[in-house]
Amino acid sequence: MKNEDIIEKILPKPRSKFLKVKCKKCGYEQIVFSHVSRKVYCLVCGELISEPTGGKAIIHAEVLEELG
Numbered sequence: 011m012k013n014e015d016i017i018e019k020i021l022p023k024p025r026s027k028f029l030k031v032k033c034k035k036c037g038y039e040q041i042v043f044s045h046v047s048r049k050v051y052c053l054v055c056g057e058l059i060s061e062p063t064g065g066k067a068i069i070h071a072e073v074l075e076e077l078g
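Just so we're aligned: 76 in the working numbering is position 66 of the sequence shown, and the numbers increase by one with no gaps anywhere.
Okay, structure coming up:
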């Protein structure tokens, strides 16, 4: 085994990610965290984009990509 393989097994990877989402109402794109602790609204129209659940958030917008 290579040192890189050993390090990847030992060090845990985070389960949370940043998400690039698109508002369903106005089409504005913004970045939100996958485990939000407060409700997130669109910066342009005020539509609810994500809400907390105690773990992963419920995303009410279209997820375009995962960033990390």
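In this text, a Cβ means the ideal position worked out from N, Cα and C, and glycines have one as well.
Look at LYS19 here: in three-state DSSP terms it is helix.
By the Cβ neighbour-count rule, VAL31 is buried, with 16 or more other Cβ atoms within 10 Å of its own. A distance of 8 Å or more separates the beta carbons of LYS66 and LEU58.
A residue is called buried when at least 16 other Cβ atoms come within 10 angstroms of its Cβ; LEU29 meets this threshold and is buried.
From the listed residues GLU76, PRO24 and GLU61, the smallest Cα separation to ILE69 is found for GLU61.
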